[in-house]
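Engineer: Residue numbers (the working numbering): 527 to 643.
As structure tokens, then:
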């Protein structure tokens, strides 16, 4: 009969499936909301179109989704042990039209390959 002398449990690899899925959903939602915001701003400020009140809610919707995106991106960055530069690039992606879609693909490929960002 053998007894274990060390009290530390063996290290298990961190599963990134859940955080990655949550990040992907947030990236798509933020990207779509940002595109809606761009369209809303163009219509309102460039073309001087009078918009209904519910359309004027798009900036707040994007802001809320972006905050969720930030939290989920930081969560994934910590668990995947990304570099500071890679993390900041992903965080900024939610503010540049179409860039969140590009970064979502890049992040997904890197995480699935086990590579760091």
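All C-beta atoms, glycine included, are put in the ideal place defined by N, C-alpha and C.
Taking C-alpha atoms, which residue in 610, 595 and 588 lies nearest to residue 553?
Structural biologist: Here residue 553 refers to the residue found at position 27 when the chain shown is read from its first residue. Closest option to residue 553, Cα to Cα, is 595.
Engineer: Going by C-alpha to C-alpha distance, which of 565, 588 and 607 sits closest to residue 577?
Structural biologist: One-based indexing of the chain shown puts residue 577 at position 51. Among 565, 588 and 607, the Cα nearest to that of residue 577 is on 565.
Engineer: For the alpha helix (DSSP H) that contains residue 554, what are its first and last residues?
Structural biologist: As a position in the chain shown, residue 554 is number 28, starting the count at 1. Per DSSP, residue 554 belongs to the alpha helix (DSSP H) from 543 to 567.
Engineer: Out of 562, 544, 612 and 608, which one is the CA nearest neighbour of residue 580?
Structural biologist: By one-based count along the chain shown, residue 580 stands at place 54. Nearest C-alpha to residue 580: 562.
Engineer: In its own chain, which residues sit with a C-beta less than 6 angstroms from the C-beta of residue 548, not counting the 5 before and 5 after it?
Structural biologist: For the purposes of this step, residue 548 is taken as the residue at position 22 of the chain shown. 598.
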